[in-house]
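Protein chains: 2
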Amino acid sequence: MHINQNYLNLKDSYLFSVIAKKVKEYTATHPDKNIIRLGIGDVTLPLVPVVVSAMQQAVTEMGAAETFRGYGEEQGYAFLRQAVCGYYGKKGVALRDDEVFINDGAKSDLGNILDIFSPDNTVLIPDPVYPVYVDTNIMAGRKIIYMNGNAANDFLPLPDKNIRADLIYLCSPNNPTGAVYSREQLKAWVDYALENDAVILFDSAYEIFVRDKTKPSSLYQIDGAKECAIEFCSLSKTAGFTGTRCGYTVVPHELKRDGAELNKLWLRRQTTKFNGVPYIVQRGAEAVFSDAGLAQINGNIDYYLQNARIMADTLTKLGIWFTGGENSPYIWLKTPNGMPSWDFFDFLLEKANVVGTPGTGFGVNGEGFFRLTAFGNRENVLEAMRRLQSVGIAT
Amino acid sequence: MHINQNYLNLKDSYLFSVIAKKVKEYTATHPDKNIIRLGIGDVTLPLVPVVVSAMQQAVTEMGAAETFRGYGEEQGYAFLRQAVCGYYGKKGVALRDDEVFINDGAKSDLGNILDIFSPDNTVLIPDPVYPVYVDTNIMAGRKIIYMNGNAANDFLPLPDKNIRADLIYLCSPNNPTGAVYSREQLKAWVDYALENDAVILFDSAYEIFVRDKTKPSSLYQIDGAKECAIEFCSLSKTAGFTGTRCGYTVVPHELKRDGAELNKLWLRRQTTKFNGVPYIVQRGAEAVFSDAGLAQINGNIDYYLQNARIMADTLTKLGIWFTGGENSPYIWLKTPNGMPSWDFFDFLLEKANVVGTPGTGFGVNGEGFFRLTAFGNRENVLEAMRRLQSVGIAT
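These protein sequences, in sequence, are chains A and Y. Under this note's numbering, think of the first position of the first sequence as 760, with each following residue one higher. Under this note's numbering, think of the first position of the second sequence as 760, with each following residue one higher.
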């Protein structure tokens, strides 16, 4: 009997626990200070009314014999898969409803999708990055190659013809950098994947923040992507579902490797190891994609984007370099005067009573950078920006 | 780029699609016949009132800024983990709340738990069995050894000292056979696991049907089990959650292999590849474990057990050998006169217009056996039993 030895290669992530500890210690010695948290990646606005009312109705249905629902299809109810197809249709992407798999959030599927690929595949992952891409591949013992994001490439690394990879993670708009790939840049990635027989795992969890119509919000807006990419999306940030749990994964029928349709492999994985998302939640998700739902959630997105704009304007005024802040809820800033990420964290906490996230938490290339998020409330964002301007962090 | 080659070793399961096709063809040619389905493993009674009202309140909370909840802990809210501990306490099993992991159903965790074990482990699986145990291990390329369930051992196979296994699947009350292990039999398994450094994966999804207090409803009622077993349970059958999705996995701190606490490995797996169960659903699940909730769900279990008793009485009257029918919602019967499972399926469909599940769908030892389930409504069960007695299937 042995455990999976790859787990011994995982590094413990102390990022958020260290942040919590530092904040706790500071507030213990400075109980009168009003700390503003701009570090969390969680939403704060409640579920929109159409979603609440759809879920209320679904709960009522589950309590009556005539309308009760037992097992649904593992890949989700057709009503929701069709609603997702309708949403993609508005982006100019035609999907069949059996190419859409409803899940309990992008994080689950981003990890679980690896089941259908050989552990011998080489994986290409940007750095800095959402830590889940790295950890799930360490767990499976895959060889990982990192590609550098940095100020020189605006944290949007492009393919290197000299590197050979089988699985490629891309996230646009990016977490943590907020950077958004252009159409031409994504075309370069699709071309690279097609040439190298690679598969792109495209994390589009922040697609709804893309307001600039010249930027793609789905990789399938790029010709050829259906032959080389799986797309993961979530309602967590789109509709405030971080505690309600629903997302979707798209696996086009055109995507084949080793002569097998990946769609069929993924269906087999899900029917064997998953039992679907709660009916109640799927009804709530369906309501998101209604005309009223899209209007209501876009009102919330407007609010978060306005927060991002306020932060971006302040950083511009202070002469601080950053990515994100538009088409994204994240701002990724270069620390003033080359301060290490954690030093800047301490500085901001002590001088401005503002909490953010040190860039080193997202990879080695994050050193000297810092993440702010736009999910807080307006008053706090305005107050935090006033403080930033008064503590002398200009470069 | 290669796919996971182990997927090519999976057999397609045509069981339920063949059943559906046969029933469809029969009804097309006999539109006047009233078909009674006693084959499905899905519940039919709606969610109980305390669950409905807890979820209504939770939905309302999610729609208001002051009570909205974002990300919860991946392993579940403390209020629910503590409720599960309370439930185990009533069985005489003391658990700490960080030994309980809330999930979206036993099926997910029964598959995902394999992540933390080496692919080199040998797996011991009873036959007949719930197909998920086999398929998830084929996907991971593990060596599988089968142990025979048959009429001679009442479909309750016991350890064989000559066989060496690392992971052992046990399900009691069993799906599909309805058979329930005694305390002594489970003690033999715990002893075997401890001697062989093996880990038992104990599926207790049907524990609430155990009304005979001399039979264990948790493996942890057996001394030593915490050092060698992980237990998986679900509210699917317990509380009609097949479409609402909530269960729990117990990983005791005492359980260590290769010097590592499996609890810590599983926590790492879940925090990396899972984002928790919806808050709304966790509030519904919490209500299940309240005094009112337990009273209400046990009313439903009484109803299903009475269905099982009616079927068992009929089979006894007809002189047909079976397991289950008490302490279980399943009845596993020997087909009359050694009829092959599918022949008996056709016979029942055509002569009694009753649909069940051929035993061969659960493994080679299922040939010559047949599964009936107690989840239908009383009227249908009574009518089906009247038909069985009138079509001359006595042995």
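Ideal placement from N, C-alpha and C gives every residue a C-beta, glycine not left out.
Asked, Found
"For the beta strand (DSSP E) that contains Y:Phe838, what are its first and last residues?", "No beta strand (DSSP E) contains Y:Phe838, which is instead part of the alpha helix (DSSP H) from Ala837 to Lys849."
"Determine the closest residue to Y:Lys781 out of Y:Met1144, Y:Asp919, Y:Glu1138 and Y:Gly1115, with distance taken between C-alpha atoms.", "Y:Gly1115"
"What residue from A:Gly900, A:Asn921, A:Ile897 and A:Thr895 has the CA that sits closest to A:Met906's CA?", "A:Asn921"
"Can the beta-carbon of A:Asp894 be found less than 8 Å from the beta-carbon of Y:Thr1031?", "yes"
"Measure the alpha-carbon distance for A:Leu1108 versus Y:Glu825 and round it to whole angstroms.", "26 Å"
"Quick one: which residues of the segment 1097-1130 of chain A get their C-beta closer than 8 Å to a C-beta of chain Y? List them in chain order.", "none"
"Distance cutoff 8 Å, beta carbons only. Does A:Phe876 sit that close to anything in chain Y?", "yes"
"Pull up the distance between the alpha-carbon of A:Val852 and that of A:Leu797, whole angstroms please.", "35 Å"
"Drop a sphere of 10 angstroms on the beta-carbon of Y:Ser931, count the other beta-carbons inside from all chains shown, and report buried for 16 or more, exposed for fewer.", "buried"
"Bridge partners for Y:Ser993 per DSSP, in chain order?", "Y:Gly1006"
"Compare the Cα-Cα distances from A:Ala1175 to each of A:His761, A:Ile904, A:Pro808 and A:Ser776 and report the closest residue.", "There is no way to answer for residue 1175 of chain A, as the model of chain A reaches only from 760 to 1154."
"Assign Y:Gly1084 to buried or exposed, taking buried as 16 or more other Cβ atoms, counted over all protein chains shown, within 10 Å of its Cβ.", "buried"
"Quick one, which residues of the segment 953-983 of chain Y are near chain A if we go by CB-CB under 7 Å, in chain order?", "Asp956, Ala957 and Val958"
"Would you be able to state if there are at least three C-beta pairs under 8 Å between the segment 944-952 of chain A and the segment 981-991 of chain A?", "yes"
"Verify whether the separation of the beta carbon atoms of Y:Ile717 and Y:Phe1134 is less than 8 Å.", "Given that chain Y is displayed from residue 760 to residue 1154, the structure contains no residue 717 of chain Y and the question cannot be resolved."
"Which partner residues does A:Tyr979 have in the DSSP bridge list?", "DSSP lists no partner for A:Tyr979."
"Are the segment 1014-1034 of chain A and the segment 864-875 of chain A touching, with three or more C-beta to C-beta distances below 8 Å?", "yes"
"Measure the alpha-carbon distance for Y:Ile967 versus Y:Pro1088 and round it to whole angstroms.", "10 Å"
"Determine the extent of the alpha helix (DSSP H) in which Y:Asp863 is found, giving its start and end residues.", "Premise fails: Y:Asp863 is in no alpha helix (DSSP H) and is neither H nor E."
"Taking 7 Å as the limit between beta carbons, can you name the residues of its chain near A:Cys992, skipping five residues before and five after?", "Ala865, Ser963, Ala964, Glu966, Gly1006 and Tyr1007"
"How is the beta strand (DSSP E) around A:Met906 delimited, first residue to last?", "Lys902 to Asn907"
"Answer with yes or no whether the minimum CB distance from Y:Val891 to chain A is below 8 Å.", "yes"
"When you compare only the Cα positions, how much space is there between A:Asp1105 and A:Phe1129?", "12 Å"
"Quick one: does A:Arg1042 have its CB under 8 Å from some CB of chain Y?", "no"
"Assign Y:Thr936 to buried or exposed, taking buried as 16 or more other Cβ atoms, counted over all protein chains shown, within 10 Å of its Cβ.", "buried"
"Establish whether the CB of Y:Val802 and some CB of chain A are separated by less than 8 Å.", "yes"
"Quick one, which residues of the segment 805-816 of chain Y are near chain A if we go by CB-CB under 9 Å, in chain order?", "Pro805, Leu806, Val807, Pro808, Val810, Val811, Ser812, Met814 and Gln815"
"Since Y:His761 meets chain A, which of its residues come closer than 8 Å, beta carbon to beta carbon?", "Phe876, Ser877, Asp879, Asn880, Asp925, Arg1016 and Asp1017"
"Scan the segment 997-1013 of chain Y for residues whose Cβ lies nearer than 7 Å to a Cβ of chain A and list them as they occur along the chain.", "Thr1001, Gly1002, Thr1003 and Arg1004"
"Determine the DSSP secondary structure at A:Thr1031, reduced to helix, strand or coil.", "helix"
"Compare the C-beta of A:Pro1037 with all C-beta atoms of chain Y and state if any pair is closer than 8 Å.", "yes"
"Report yes if the C-beta distance between Y:Arg828 and Y:Val859 is below 8 Å; otherwise report no.", "no"
"A:Ala823 and A:Tyr1038 look like a contact to me (Cβ under 8 Å); what is the Cβ gap, rounded to whole Å?", "Not really, about 13 Å apart at Cβ, beyond 8 Å."
"Is the segment 896-904 of chain Y touching the segment 874-885 of chain Y in the sense that three or more CB pairs, one from each, lie closer than 8 Å?", "yes"
"Whose C-alpha, out of A:Arg1042, A:Trp1101 and A:Trp1080, is nearest the C-alpha of A:Lys1093?", "A:Trp1080"
"Rounded to the nearest angstrom, what separates Y:Ser867 and Y:Arg942 at their Cα positions?", "28 Å"
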